[in-house]
Amino acid sequence: MILVADSGSTKTDWMGYSPNEQISFSTQGINPYFLNAHDIFKLFSKKKDIAKYASLVKEVYFFGAGCSSPDKIEVISNGISSFFTNAYVAVEHDLMGSAYATCGEKEGLTCILGTGSNISYYDGKDLHHGTHGLGYVLGDEGSGTWFGRKLVTSYLYHQMPAELSVAFGNEFQIDKETVITNVYQKAAPNTYLASISRFMINHKDHPFIVDILREGFQEFVDTNIKDYSNYKNLDCHFVGSIAFYYQDILREVCSKNHIKVGQILQKPIEGIYNYILRKEGITV
Numbered sequence: 017m018i019l020v021a022d023s024g025s026t027k028t029d030w031m032g033y034s035p036n037e038q039i040s041f042s043t044q045g046i047n048p049y050f051l052n053a054h055d056i057f058k059l060f061s062k063k064k065d066i067a068k069y070a071s072l073v074k075e076v077y078f079f080g081a082g083c084s085s086p087d088k089i090e091v092i093s094n095g096i097s098s099f100f101t102n103a104y105v106a107v108e109h110d111l112m113g114s115a116y117a118t119c120g121e122k123e124g125l126t127c128i129l130g131t132g133s134n135i136s137y138y139d140g141k142d143l144h145h146g147t148h149g150l151g152y153v154l155g156d157e158g159s160g161t162w163f164g165r166k167l168v169t170s171y172l173y174h175q176m177p178a179e180l181s182v183a184f185g186n187e188f189q190i191d192k193e194t195v196i197t198n199v200y201q202k203a204a205p206n207t208y209l210a211s212i213s214r215f216m217i218n219h220k221d222h223p224f225i226v227d228i229l230r231e232g233f234q235e236f237v238d239t240n241i242k243d244y245s246n247y248k249n250l251d252c253h254f255v256g257s258i259a260f261y262y263q264d265i266l267r268e269v270c271s272k273n274h275i276k277v278g279q280i281l282q283k284p285i286e287g288i289y290n291y292i293l294r295k296e297g298i299t300v
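Position one of the sequence shown corresponds to residue 17 (the working numbering), numbered consecutively onward.
Okay, here's the thing in structure tokens:
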């Protein structure tokens with residue numbers, strides 16, 4: 017069996033192929049900045065429906081957030097190998113998976129707008145990493161984490177319109193102490209902040225939310241896309257829930273900045289899966 021995974025900080029989507037069956041399942045996000053190899057092994061061990069495949073999997077192709085250095089790649093590889101003991105494990109950055117799903121064999125910019133955000137140039141074969149992807153403290157412009165932070169601060173600073181403030185307070189019931197505990201003392205503060213961004217989906221037509229979306233996407237464009245001198249000549253693809261659910265505002269901002277929008281995918285896993293199978297010479 018071949019397993020293919022696309023992982024952000026919040027969720028990991030998996031698809032598997034064997035001549036006898038195809039499977040799909042999900043686990044929590046597997047990010048080497050927040051989990052070690054033992055954590056990854058325990059994560060799989062708790063999924064009883066996965067255990068029956070542990071010895072059957074021969075290849076694992078994992079594309080994940082945070083997999084940008086040899087030591088972080090080793091964390092993921094060791095964790096997966098400890099569970100799928102008969103498997104060859106290949107680990108690459110989630111941007112490569114995004115490129116496979118959106119660009120295929122063509123040149124373009126591939127962007128991630130999910131829990132976090134990132135961008136890279138893909139020449140049709142190889143990924144060329146830039147200076148981006150600084151994480152939720154220093155970067156993640158236009159991501160769920162970025163929007164969650166904007167919502168929390170506007171609520172706590174009493175800058176949110178009254179009708180939105182009431183709805184926000186009823187949904188999350190947070191105060192300064194709760195936020196500080198979750199952001200500064202608990203694990204995975206990025207996913208905590210990103211979870212708050214879901215508030216926007218039911219209020220996305222409110223002028224205050226529209227302004228925040230425009231601000232976040234414009235910051236992503238200015239900081240990331242415009243860093244590439246030839247960005248106007250390239251198709252710019254997006255993956256991730258933030259890009260997908262708010263694509264009308266994203267397209268508006270891109271049009272204003274003369275950016276050619278290509279594909280916008282909520283989840284790249286199916287595109288990555290099909291790409292890997294093509295490379296393996298497998299026709300489904």
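Note that CB positions come from ideal geometry on N, CA and C, so glycine has one too.
Cβ-Cβ distance between residue i and residue j below 8 Å
i	j	result
G158	F233	yes
P48	G82	yes
H219	L180	yes
Y138	G124	yes
I89	I56	no
Y262	L293	no
G45	S61	no
K272	D251	no
Y116	I241	no
V269	V226	no
V182	I212	no
F215	E187	yes
Whole-angstrom distance between residue j and residue i, CA atom to CA atom
i	j	result
Q38	K63	18 Å
E121	L143	11 Å
S170	S71	50 Å
P86	N94	12 Å
V73	I190	44 Å
I298	K248	36 Å
F224	I265	13 Å
Buried/exposed call for residue i, threshold 16 Cβ in 10 Å
i	result
D110	buried
S245	exposed
Q279	buried
K141	exposed
I196	exposed
K166	buried
G65	For the sequence presented, residue 65 should be read as Asp rather than Gly. With fewer than 16 Cβ atoms within 10 Å of its Cβ, D65 is classed as exposed.
I304	Outside the modelled stretch of the chain, which goes from 17 to 300, sits residue 304, for which no answer is possible.
Cβ-based neighbour list, residue i, same chain, cut-off 8 Å, excluding 5 preceding and 5 following
i	result
D29	A21, D22, S23, S40, S42, K283 and I285
Cut-off 6 Å between Cβ atoms - residues of its own chain near residue i, not counting five sequence neighbours on either side
i	result
I18	Y33 and E75
A210	T131, G160, T161 and G164
Across the stretch 161-172 and the stretch 200-217, are there enough close Cβ pairs to call them in contact, namely three or more that are closer than 8 Å? yes
Any contact of the stretch 128-138 with the stretch 242-258, i.e. 3+ C-beta pairs under 8 Å? yes
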